Amino acid sequence: MTSNPSPAPQQPASRPHLPRYLNRYVTPGPLEEWLWHLTTPLEEYDLKFAFDLPPYALATNGVVLTPLIPSLHARRLYRLYSTHTAGFAYLPYGPFTTFESFLTFIEIRRRQPGSFLFVVYDRSLEFDDGRSEADGLREERVAGIVGIKSSEPERMAEIGHLHIPAPFQRSHVFTHAAYLLLRWLFSSPLPSVQPSSSSLTTFRGLGLRRVQWAAGSRNAASINAALRLGFQMEASDQQWERPLAKDRGKVEGVEVPEFVQGQWREREEEFGLGRHSALLSMGWDRWEKEGRAKLEGMMAERGVGRRKANDVLGDLLDACTQ
Numbered sequence: 113m114t115s116n117p118s119p120a121p122q123q124p125a126s127r128p129h130l131p132r133y134l135n136r137y138v139t140p141g142p143l144e145e146w147l148w149h150l151t152t153p154l155e156e157y158d159l160k161f162a163f164d165l166p167p168y169a170l171a172t173n174g175v176v177l178t179p180l181i182p183s184l185h186a187r188r189l190y191r192l193y194s195t196h197t198a199g200f201a202y203l204p205y206g207p208f209t210t211f212e213s214f215l216t217f218i219e220i221r222r223r224q225p226g227s228f229l230f231v232v233y234d235r236s237l238e239f240d241d242g243r244s245e246a247d248g249l250r251e252e253r254v255a256g257i258v259g260i261k262s263s264e265p266e267r268m269a270e271i272g273h274l275h276i277p278a279p280f281q282r283s284h285v286f287t288h289a290a291y292l293l294l295r296w297l298f299s300s301p302l303p304s305v306q307p308s309s310s311s312l313t314t315f316r317g318l319g320l321r322r323v324q325w326a327a328g329s330r331n332a333a334s335i336n337a338a339l340r341l342g343f344q345m346e347a348s349d350q351q352w353e354r355p356l357a358k359d360r361g362k363v364e365g366v367e368v369p370e371f372v373q374g375q376w377r378e379r380e381e382e383f384g385l386g387r388h389s390a391l392l393s394m395g396w397d398r399w400e401k402e403g404r405a406k407l408e409g410m411m412a413e414r415g416v417g418r419r420k421a422n423d424v425l426g427d428l429l430d431a432c433t434q
């Protein structure tokens with residue numbers, strides 16, 4: 113009786129040689145932390161935005177939104193955010209340890225043509241110092257920033273960098289700022305007759321088709337805020353949707369998995385913790401059908417109560433410093 117011969121060991125498959133593809137892309141290095149555009153005057157500061165700018169300040173009776181100009185706004189914003197750091201717990205950036213790092217954050221966003229940052233002014237504050245306020249926009253009214261990350265070919269934008277610190281929370285500020293941003297994003301870029309009126313409106317927007325809102329999947333406050341504004345949930349738990357800033361006390365950061373080891377792990381840990389995210393959205397049809405009216409009703413119901421600046425700001429009424 114003869115035994116069958118043992119099968120010959122399989123040889124590893126040979127790897128075919130690839131053609132010599134050309135790829136000259138070089139990953140840009142990190143931007144140096146510096147006092148970017150701290151002294152650049154408004155008329156010389158190039159916003160580098162891919163869409164048309166608003167032809168005028170966006171305003172309600174409660175807030176005003178104007179483009180963020182570092183020479184006008186950075187010191188005040190940095191002081192606000194340095195004093196009230198809790199709001200960064202769920203954000204993929206911050207807190208900012210130096211004034212230079214904050215200005216560099218602004219500069220990085222400026223260099224992204226789909227990003228745009230507005231400064232929010234609170235019009236409700238009352239001051240007792242007797243200072244004249246011709247334009248109603250003294251620096252102590254600065255209440256935070258709102259911004260967008262947009263994609264022009266897709267006719268959509270993501271609301272991002274929305275950060276209203278503690279002194280201006282639980283007030284009209286957030287709702288009014290979100291309303292102005294959404295109205296600008298969805299309104300026609302051309303003069304048009306509104307369905308509810310026979311008169312021609314001069315409010316011109318970007319005419320986008322979709323606006324989305326991303327939040328950490330465990331950030332119930334942000335998710336509920338978006339739902340109150342009229343956004344609809346599309347995905348409640350997008351896995352590993354974005355990295356979080358490293359070593360900044362992020363409350364929902366997801367650790368790099370154990371199977372990632374060695375130099376690979378070191379590399380990933382440099383990127384930071386991960387974040388699982390919820391994604392909400394609103395389309396232009398939903399905005400036109402019910403979204404705008406919903407927000408206008410919320411603003412009318414709540415109103416804008418006058419508030420003493422000293423009660424809201426306390427020590428932040430002092431002169432701005434770095």
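Heads up, the sequence shown is in the numbering used here, so the first residue is 113 and it goes up one at a time.
For glycine and all other residues, C-beta sits at the position ideal for the given N, C-alpha and C.
These figures come from a predicted structure and were not determined experimentally.
Among the options, nearest to residue i - alpha-carbon criterion
{"i": "Ser283", "options": "Leu154, Leu428 and Val175", "result": "Val175"}
{"i": "Arg354", "options": "Ser213, Leu159 and Pro204", "result": "Pro204"}
{"i": "Met394", "options": "Trp146, Gln344 and Phe371", "result": "Gln344"}
{"i": "Pro166", "options": "Leu297, Gly328, His273 and Arg321", "result": "Leu297"}
{"i": "Arg235", "options": "Arg222, Glu251 and Gln224", "result": "Glu251"}
{"i": "Gly384", "options": "Glu402, Asp241, Gly206 and Tyr233", "result": "Gly206"}
{"i": "Ala357", "options": "Glu402, Leu189, Ala169 and Ala201", "result": "Ala201"}
{"i": "Glu266", "options": "Gly415, Ser194 and Arg322", "result": "Arg322"}
{"i": "Leu302", "options": "Val285, Phe286, Ala338 and Leu320", "result": "Leu320"}
{"i": "Ser299", "options": "Trp376, Trp399, Ile260 and His273", "result": "Trp399"}
{"i": "Pro277", "options": "Gln373, Asp423, Arg222 and Leu189", "result": "Leu189"}
{"i": "Lys420", "options": "Pro279, Ala269, Glu145 and Tyr157", "result": "Pro279"}
{"i": "Thr287", "options": "Arg404, Phe315 and Val372", "result": "Arg404"}
{"i": "Ile218", "options": "Trp148, Arg132, Arg127 and Glu402", "result": "Trp148"}
{"i": "Asn449", "options": "Ala338, Phe239 and Ala347", "result": "Examination of residue 449 is not possible in this model, given that the chain is present from 113 through 434 alone."}
CB-CB length for residue i against residue j, believed under 8 Å
{"i": "Val368", "j": "Glu382", "result": "That pair is no contact at about 10 Å."}
{"i": "Leu184", "j": "Leu292", "result": "Not a contact, Cβ separation roughly 19 Å."}
{"i": "Pro182", "j": "Leu229", "result": "With 8 Å as the limit, Pro182 and Leu229 do not qualify as a contact, their Cβ atoms being about 10 Å apart."}
{"i": "Gln324", "j": "Leu392", "result": "7 Å"}
{"i": "Arg223", "j": "Leu237", "result": "About 33 Å separates the two Cβ atoms, so there is no contact after all."}
{"i": "Leu159", "j": "Pro131", "result": "Not really, about 43 Å apart at Cβ, beyond 8 Å."}
Rounded straight-line distance, which links the Cα of residue j to that of residue i
{"i": "Ala326", "j": "Gly365", "result": "15 Å"}
{"i": "Arg216", "j": "Phe208", "result": "The sequence given here has Thr at residue 216, not Arg. Spanning the two alpha carbons is a distance of roughly 10 Å."}
{"i": "Ala171", "j": "Asp397", "result": "23 Å"}
{"i": "Glu408", "j": "Gly226", "result": "27 Å"}
{"i": "Phe214", "j": "His129", "result": "48 Å"}
{"i": "Gly426", "j": "Gly417", "result": "18 Å"}
{"i": "Arg295", "j": "Val231", "result": "16 Å"}
{"i": "Ser263", "j": "Phe161", "result": "11 Å"}
{"i": "Ile271", "j": "Ala289", "result": "12 Å"}
{"i": "Thr139", "j": "Phe211", "result": "26 Å"}
{"i": "Ser329", "j": "Val258", "result": "21 Å"}
{"i": "Gln351", "j": "Gly386", "result": "9 Å"}
{"i": "Met268", "j": "Ala332", "result": "24 Å"}
{"i": "Ile260", "j": "His273", "result": "7 Å"}
{"i": "Arg243", "j": "Leu429", "result": "13 Å"}
{"i": "Glu156", "j": "Phe371", "result": "50 Å"}
{"i": "Glu98", "j": "Val285", "result": "Absent from the model: residue 98. The displayed extent of the chain is 113 to 434, so no value can be given."}
{"i": "Gln375", "j": "Leu341", "result": "44 Å"}
{"i": "Gly415", "j": "Gly256", "result": "20 Å"}
{"i": "Ala347", "j": "Arg191", "result": "35 Å"}
{"i": "Arg187", "j": "Ser194", "result": "10 Å"}
{"i": "Phe315", "j": "Arg136", "result": "45 Å"}
Outcome for residue i when other beta-carbon atoms lying within 10 angstroms are tallied against a minimum of 16
{"i": "Leu312", "result": "Confidence at Leu312 is low in this model, with a pLDDT of 45, below 50, so the placement of that residue should be treated as unreliable; the coordinate-derived value is given next. It counts as exposed."}
{"i": "Ser389", "result": "buried"}
{"i": "Arg221", "result": "buried"}
{"i": "Ala198", "result": "exposed"}
{"i": "Ala338", "result": "buried"}
{"i": "Tyr133", "result": "exposed"}
{"i": "Gly141", "result": "exposed"}
Any non-hydrogen atom of the ligand FMN closer than 8 Å to residue i Cβ
{"i": "Leu339", "result": "This structure simply doesn't include the ligand FMN, nor any ligand for that matter."}
Q) What beta strand (DSSP E) runs, 3 residues minimum, are completely inside the region 342-408? A) 344-355 and 386-395
Q: Identify every run of the alpha helix (DSSP H) within the region 179-204, keeping only runs that are complete inside it and at least 4 residues long; order them along the chain.
A: 182-195
**Q.** Residue ranges of each alpha helix (DSSP H) within the region 202-253, 4 or longer
**A.** 211-222
Q) Which ranges does the alpha helix (DSSP H) cover as unbroken runs of at least 4 residues, wholly within the region 255-315, from first to last along the chain? A) 285-298
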